[in-house]
Amino acid sequence: MAKLLYSASMSLDGFIAGPGGDMSWLSEYMAPNPPIDGLVGDIGALLIGNRTFRGDDPNKGTENEGAYGGAWEGPQIVVTHHVPDEPVPGVTFAGDLAGGVAAAREAAGEKYVSILGADIARQCLAAGWLDEVLVCVVPVLLGDGVRLFDVPGGTNVKLERIGLSEAALASNLWFRVVG
Numbered sequence: 785m786a787k788l789l790y791s792a793s794m795s796l797d798g799f800i801a802g803p804g805g806d807m808s809w810l811s812e813y814m815a816p817n818p819p820i821d822g823l824v825g826d827i828g829a830l831l832i833g834n835r836t837f838r839g840d841d842p843n844k845g846t847e848n849e850g851a852y853g854g855a856w857e858g859p860q861i862v863v864t865h866h867v868p869d870e871p872v873p874g875v876t877f878a879g880d881l882a883g884g885v886a887a888a889r890e891a892a893g894e895k896y897v898s899i900l901g902a903d904i905a906r907q908c909l910a911a912g913w914l915d916e917v918l919v920c921v922v923p924v925l926l927g928d929g930v931r932l933f934d935v936p937g938g939t940n941v942k943l944e945r946i947g948l949s950e951a952a953l954a955s956n957l958w959f960r961v962v963g
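Read in order, the letters of the sequence shown are residues 785 to 963 in the numbering used here.
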């Protein structure tokens, strides 16, 4: 069965997007990252939150537009209560988290389901479905924005580090969720 992997680039102070979901900050930190670039072939489907789907791609309008710098192609499942009137090629819409996760796992087969979006990742974690977290820490402090995980009142989730690697502009930390 497919594992659910939440992967994101994050500022050192814990933000994956700036205020209002702005992703433009990430543009200057986009550089080859061999461990992440190699992951693309292990992804079978994307599970995307509504805000991320409708959000700001730091590569918009370039040849690198899209997930993983435009390198990934395949099934995309968007969890939303607001399905667009017009079909979107290559995108399936799910009205709830359980349906979205089931569709993404089926589409991914034995490969990873890559989760895109902080809120959808938080929901998967709360439901006990999140298997792994991969964070690319980039050398910048944003000070405000969308946190990697935002759980008002806090929570304590144990993680086991399963990988650590360096790239030109990021330190990659890979964890398994253990409880």
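Where is the CB? At the ideal position from N, CA and C, for every residue including glycine. Since this is a predicted model, take the numbers as computed values, not measurements.
If you draw a straight line from the Cα of Thr864 to the Cα of Gly833, it comes to about 7 Å. Secondary structure note for Leu909: its alpha helix (DSSP H) is the uninterrupted segment Ala902 to Ala911. Around the beta-carbon of Leu909, 16 or more other beta-carbon atoms lie within 10 Å, marking it buried. Straight across, the Cα-Cα distance linking Trp809 with Ala815 is about 13 Å.
Residue nearest to Gly874 within the set Glu847, Ala952 and Trp856 is Trp856 (criterion: CA-CA distance). In the structure shown, Thr876 adopts extended strand secondary structure according to DSSP, grouped into three states. For Glu890, the enclosing alpha helix (DSSP H) starts and ends at Leu881 to Ala892.
DSSP, read as helix, strand or coil, puts Trp856 in coil. Between the alpha carbons of Phe959 and Cys920 lies a distance of about 12 Å. Residue state for Asn817 is assigned as coil, using DSSP reduced to three classes. The beta-bridge partner set that DSSP reports for Phe799 consists of Arg931. Ala878 is not a Cβ neighbour of Ala829, given a cutoff of 7 Å. In this structure, DSSP gives Glu944 an extended state, which the three-state scheme calls strand.
Proximity of the stretch 820-829 to the stretch 929-936 falls short of the contact definition, fewer than three beta-carbon pairs being nearer than 8 Å. With a threshold of 16 other beta carbon atoms within 10 Å, Val885 meets it and is buried. For Glu847, the three-state secondary structure derived from DSSP is coil. Using a Cβ distance threshold of 7 Å, Phe837 and Val867 do not count as a contacting pair. Taking the C-beta atoms as reference points, Val961 is found no nearer than 7 Å to Tyr790. Between the alpha carbons of Met794 and Leu948 lies a distance of about 15 Å.
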